[in-house]
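Step one of this worksheet: look at the structure below.
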Amino acid sequence: DVQQGVEEAMALPPERFRDKVSGAFRNLNSYVKAAAKDFDNELAPHVGSAAIIFNFCFDAFEAKKMLRKQVMATMGLLVQCPPWAAAFRDSPQLHARVQELPEEDQAAFAVQHEEVAKVVLPGAKEHEEAVAAEATAIKEANDAHVRMSIANFAVAKKISATLAAARGSAEAEADAPEAPVAPDPPAEEVKPEELRELRDARGRAYYVNQQTGASMWRTPQAAATAAAAADDAGPKEVPVYQGGQQVEVYSSSASRWCNGQVTEVTGNEVVSQYNVDGQWMQKKLAADSDLLRPLPPMEPLPVVKGSKVLIYSNSGKAWFPGVVDSLESGADGVPVASVNYKNGEQWFNKKLRTDHSFIRFDEDEAEEAEAAAAPEYYVDQAVEVYSNSGGKWMAGVVMSVTDKVTVNYIGADGQVYQKVMDPVDTLLRVHS
């Protein structure tokens, strides 16, 4: 059943992820609950897929606010299985996914397991009291479910063994529990063939060790190659850092890269907090230091004029609601959004690339938009198409329907235009 959950998660097409994720996640939640009766035999053998499932949980959490409690409950069950907890512990890429969440949500996840609590950012501790009741209730419900599942399974095995004994020793032997899972092999250098490249819902590549289930942003070989290339390339381009930016800091004591966050930038000096085995450290480094690097960039956010978004303000040290006022093409093809956002009673304007970590969708608006199912379109139906050039909704009619919707509409200049659109495209709606 757990393997079926893995396959369903991987089968979701990125362009329909938000539309399909609820059903796939509820199935996974059921599979994990069923596995709670015997983690050693039901869940531990699938640890090679741990990073896939953990990333799917984070993707579902970001895509659907209504799944918030279910995701925390499922994650809380998964990390109760020791091999899966170890896979999370050894995955810097998963630690980064936790630290990308709002600090209030980080605090709620931290309640579920000590391995998660070790990697949340310091600011999350300020929200512990606010989330304690809900998060603790989820953890207690998980603990009770595991205890009851184990007890019920033990009774079922005892009954099965008794019946088997009555039928004969041969059947009794067949019904005996499986041998325990062999312990993890000793840690050693990861071989390329042991790694599998996957992508999260934002399109970012990550690599999974199929033996341990741990994940990372870059393969060790790629990191070594990049380091060697940097040595040969001479002077390098100096990254531009900003407060609140997610980074990686190399810890000499731990001999590895650790996830962190920029807390202050003064001239060429960057102050970052980073996590080493559950302990938060602080380091001041030059922006061009080889011990500091940005996390991989995100895919451009698919905003349009009028999209409701959240903007991170360095001065306010918080996220503020805003609206995309206009879009223009960036130098490398990535759109640049001009956003009007409100801090208190004042409105401000900021221009950001749509792949910048300081812009994200307003989750409340996204949830409202996803609450209703995508309309069923049909030929000759009256619809409206949003024109970016005209800046308004234009009347149109459905010409054909397959997995896409072909629409003819009247542009702002009075001419008839045609678009082939996805049924869940936010630029297409039924005529009201």
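Residues in the sequence shown are numbered consecutively from 55, following my numbering.
Quick reminder that beta carbons are idealized off the backbone N, C-alpha and C, glycines included.
Predicted, not measured: the structure shown is a model, and the values here were computed from it.
The beta carbon of Gly130 lies closer than 8 angstroms to those of Gln166, His167, Ile192, Lys193, Asn196 in the same chain, with the five residues before and after it left out. Under the three-state reduction of DSSP, Val75 is assigned to helix. Bounds of the beta strand (DSSP E) holding Gly376 are 372–382.
Here the region 361–375 does not lie against the region 337–350, with fewer than 3 beta-carbon pairs under 8 angstroms apart. With at least 16 other beta carbons inside 10 angstroms of its own, Thr128 counts as buried. Pairing Gln153 with Ile464, the inter-Cα distance amounts to about 46 angstroms. For Leu339 and Phe71, the gap between their C-alpha atoms comes out near 39 angstroms. Contact between the region 140–147 and the region 264–273 is present: 3 or more CB-CB pairs across the two stretches fall below 8 angstroms.
Comparing C-alpha distances from Lys362 to each of Gly59, Val324, Ser383, Arg414 shows the shortest one belongs to Arg414. Inter-residue distance for Ala171 and Ala164 is about 4 angstroms (C-alpha atoms, whole angstroms). For Thr317, the enclosing beta strand (DSSP E) covers residues 310–320. In the structure shown, Pro348 adopts extended strand secondary structure according to DSSP, grouped into three states.
DSSP, reduced to helix, strand and coil, places Thr460 within a strand of the structure shown. In its chain, beyond the 5 residues on either side, Phe71, Arg72, Val75, Ala255 have a beta carbon closer than 7 angstroms to the beta carbon of Ala117. In the DSSP assignment, Phe412 falls outside any beta strand (DSSP E), carrying neither H nor E.
Straight across, the Cα-Cα distance linking Asp379 with Leu482 is about 19 angstroms.
In the structure shown, Trp138 adopts helical secondary structure according to DSSP, grouped into three states. Here Thr408 is buried, its C-beta having at least 16 other C-beta atoms within 10 Å. For Gln472, there is no enclosing alpha helix (DSSP H); the residue is found in the beta strand (DSSP E) stretching over 470–475. Counting along the chain, the unbroken beta strand (DSSP E) around Lys337 starts and ends at 333–340.
Under the DSSP assignment, Glu430 falls outside any beta strand (DSSP E); it carries neither an H nor an E label. If you draw a straight line from the Cα of Gln134 to the Cα of Asn95, it comes to about 14 angstroms. When secondary structure is reduced to three states using DSSP, Gly450 falls in the strand class. Gly314 has its alpha-carbon roughly 12 angstroms from the corresponding atom of Asp331. In this structure Met448 touches Ser441 by the C-beta definition: roughly 5 angstroms separates them, less than 8 angstroms. By the neighbour-count definition (other C-beta atoms within 10 Å, threshold 16), Pro354 is a buried residue. Across the set Gln296, Leu252, Lys123, Lys245, the C-alpha of Gln296 shows the shortest separation from the C-alpha of His410. The continuous beta strand (DSSP E) containing Arg483 extends over residues 482–484. For Lys193, the three-state secondary structure derived from DSSP is helix. Residue range 104–117 is occupied by the alpha helix (DSSP H) that includes Ala105.
Note: Lys404 is bridge-paired with Val393 in the DSSP secondary-structure output.
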